[in-house]
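Below is one structure, written out as structure tokens; the observations come after it.
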Amino acid sequence: MILDIRTLIFILGITHVLQFAVFLQQYAANRRVRATGWWLLWSSAELAASACLFLLWRSAELLAPGVNPDMFAPTALNIAVYLDAIVAGLAWTFGLVLLANQRLGAEAGEAIKELELVFDTCPDSVAISRMKDGLIERVSSGLTAITGYAREEVKGKTVGDINLWVNPEERGRFVAELQERGAVADFEACFRRKDGSQLTGLVSAGLITLKDEPYIITVMRDISGRKLDEAERAELKEKLLQSQKMETVGRLAGGVAHDFNNLLTAINGNAGFLLKELPGKGHMRAEVEDILAAAARAAKLTGQLLAFSRKQILKPRVIDLNASVGGVVKMLRRLIGENVRIETRMPERACPVRVDPGQMDQVLINLAVNARDAMPDGGTFTLETRLVTPDERFSRSHPNLPPGQLVCLLVRDTGCGFTTEAREHLFEPFFTTKQLGKGTGMGLSTVLGIVKQSGGEIELESPRAGGTTFRIYFPYIEAPIQAIEDKDKAADTPSRGTETILLAEDEESLRRLGERMLRLNGYTVISAADGESALAAAERNGRPVDLLLTDVMMPGMSGRELAREMARRGLASRTLYMSGYTDDAIAEHGVLQPGIAFIYKPFTVDALALKLREVLDGPADRAEA
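For the sequence shown, the numbering used here gives the first residue as 44, with consecutive numbering after it.
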């Protein structure tokens, strides 16, 4: 019986040895052995059977007294029985270890898959590179999206091999900080894409240990869009501040121009009367003529101030900008000289815009003069028109332009350009980069005022390398091109009259001058210092006056309110407004309201006489009806 028990134990031991050998061979081959549930069940059964047989064998002396003691001697069979028990225990223990290892491996595999999913779906660029030589071993798909490089193009290379950093100094600071601190957070730098374009990236990096080696894990986020938004907001803020500053200066300039025009009206008028009373020759006549010439220059200057402050009268028409540019080129050739070559580039398609033709010519002349002075040794002056469709960013930075197609006038010279400091003040009145006596500083401010008053926008580009480019944008007008009217009527138009005119002017010197001008041309004059006095004088007259000549801006009742009240009472059927600059009461964006007649101060006796006949011989007021 004992022999049979030992034989069974021996057979089970051989089975355990074979099983254990197979597992050891598999583990040595690939470090992985799959422990299934059936294998553990079989091993457990074998272990239990071996244990029972071993205990039964060991207790044989108790169960069968007098058994031969040699059965426990250290014979080969007995040693095999002992080894069987040991091998059975080892096999079972090894199985449990393999099962636990398998479960841990499965959990680790799932975790690795999750990490790989996060790694590959991360929108940022993630790279793992060796510390010792910088070779990239693994990158995320975010690198392709950000830089355009495929994974295969960067694996086994360094960032220096693909020329990723734009500025080597930035890379040097980044590496130094990483070596010093062991980590870098939110390092902003400029990087180069595969196509050569640049981007702004935010880089974070840290040191890790993989396979007992130091590695660097780097995460880069593309913040170019954010930087662009920040730059755009800064640009808009700067434009707003500049616009507010120019608006303030414009209001000041308009007020100054108004007061100066009143003074110039008195100077011009009285000097004109004095000139008529002087003999044909003599030093006094020459001196009066000098006064009139100086007053004319001053009037031109105040006119430029009005243009800058957008308070001048415009007569806009739908014109083809190509034709306007082409028509002024011949005059510009004489203006800028033979050493400057003029080039024009215009599309075959018309470029319709709504502007005052005369003011558009003034814009071109002022820019041409500016270019001429910037090219004393000669150069190229380019005039170009084009149709443009603005993108979203352009529209956001130019909110005053309507949506849709635009007409762009590009004016470029190859001159010396402007410094950064000069560009900040370039459009301000009386600012000039020219030598003393070489310019008034009103040319570009006049251009700005005309463009703005015409509903356009102007941009300046003047790089350090030299040259200046102005880009002027106007809304594209879907309307037929209008013919440009003839200039003024012939000078021999009858200018005298016998009608009764009510003059309303709060400035006493101008009121006396106006009375004298009107009487000189044969008119009967009733004068008043304000609106209320004018109404009372008209009522006392007993019959309607033929025309009301009134200043626009007066204390109390304005000129427009006076005209409406007189029309309502039937005291006047025609009105001629006069002012040093336009007011919103009679004009919208510099364009006179329909039916409004207006004369600018300062004016001469002849100019007033012609305008009076134009209004008196025309239809009755429609604006005040």
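Every residue gets a Cβ at the ideal spot worked out from N, C-alpha and C, and that includes glycine.
For residue i, does the count of other Cβ atoms within 10 angstroms reach 16, so buried, or fall short, so exposed?
| i | result |
| --- | --- |
| T252 | exposed |
| I524 | exposed |
| M621 | buried |
| H326 | exposed |
| E195 | exposed |
| P211 | exposed |
| L619 | buried |
| L430 | exposed |
| R397 | buried |
| G623 | buried |
| L106 | Unreliable placement is indicated for L106, whose pLDDT of 47 sits below 50; the coordinate value is still reported in the next sentence. Exposed: under 16 other Cβ atoms inside 10 Å. |
| A663 | exposed |
| T345 | buried |
| D255 | exposed |
| E464 | exposed |
DSSP on residue i, reduced to helix/strand/coil?
| i | result |
| --- | --- |
| R702 | The question about residue 702 has no answer here: the residues shown for the chain are numbered 44 through 668. |
| D434 | coil |
| P400 | helix |
| R429 | strand |
| T489 | helix |
| Q241 | strand |
| F230 | strand |
| D649 | helix |
| G661 | coil |
| I385 | strand |
| R173 | strand |
| L605 | helix |
| R235 | strand |
| A522 | coil |
| A615 | strand |
| L444 | coil |
| L335 | helix |
| L553 | helix |
| L578 | helix |
| L357 | strand |
| A533 | Bear in mind that the predicted position of A533 carries a pLDDT of just 44, short of 50, making it unreliable; the figure below should be weighed with that in mind. Coil. |
In the DSSP assignment, what are the bridge partners of residue i?
| i | result |
| --- | --- |
| D363 | P395 |
| T567 | T543 |
| D503 | Per the sequence shown, the amino acid found at residue 503 is Leu instead of Asp. Beta-bridge pairing links L503 to F513. |
| Y620 | T593 and F641 |
| F424 | I385 and D456 |
| G249 | A226 and I260 |
| R181 | I171 |
| L449 | V431 and P518 |
| V588 | A615 |
| D265 | G244 |
Comparing alpha-carbon positions, which option in the options lies nearest residue i?
| i | options | result |
| --- | --- | --- |
| G557 | V383, V299, G312 and F217 | G312 |
| F303 | N443, G370, R514 and F646 | F646 |
| A572 | R559, G458 and S552 | S552 |
| A300 | K343, G370, Q241 and L375 | K343 |
| E467 | L487, G458 and V450 | L487 |
| M374 | L407, K358 and R397 | L407 |
| C459 | V431, A508 and Q496 | A508 |
| G670 | R436, Y566, A663 and F424 | The structure shown has nothing for residue 670, since the chain only spans 44 to 668. |
| E381 | S367, R216 and R415 | R415 |
| A338 | K319, P322, G323 and A314 | A314 |
| R586 | S601, R603, S616 and A606 | S616 |
| V262 | A465, A228 and Q241 | A228 |
| T387 | K175, G499, E180 and L452 | L452 |
| R554 | L306, E231, T190 and E256 | L306 |
| S671 | S367, A465, A248 and L318 | Outside the shown range of the chain, which is 44 to 668, sits residue 671, and nothing can be said about it. |
| I259 | K319, A652 and G225 | G225 |
| F470 | F461, T489, R455 and V454 | T489 |
| L221 | I642, D649 and P257 | P257 |
Is there a Cβ from chain D that is less than 7 angstroms from the Cβ of residue i?
| i | result |
| --- | --- |
| L344 | The structure shown contains no chain D, having only a single protein chain. |
- Task: Decide if the segment 577-589 is in contact with the segment 545-555; the criterion is three or more beta carbon pairs, one per stretch, under 8 angstroms apart.
- Result: yes
- Query: Contact between the segment 436-449 and the segment 385-393: three or more CB pairs below 8 angstroms?
  - Reply: no
- Query: So does the segment 359-377 actually touch the segment 397-405, counting three or more Cβ pairs closer than 8 angstroms?
  - Reply: yes
- If we count Cβ pairs, one from each stretch, closer than 8 angstroms, do we get three or more for the segment 419-429 versus the segment 513-523? no
- Message: Whether or not the segment 559-570 and the segment 593-609 are in contact is what I'm after, with contact meaning three or more pairs of Cβ atoms, one per stretch, closer than 8 angstroms; do they touch?
- Response: no
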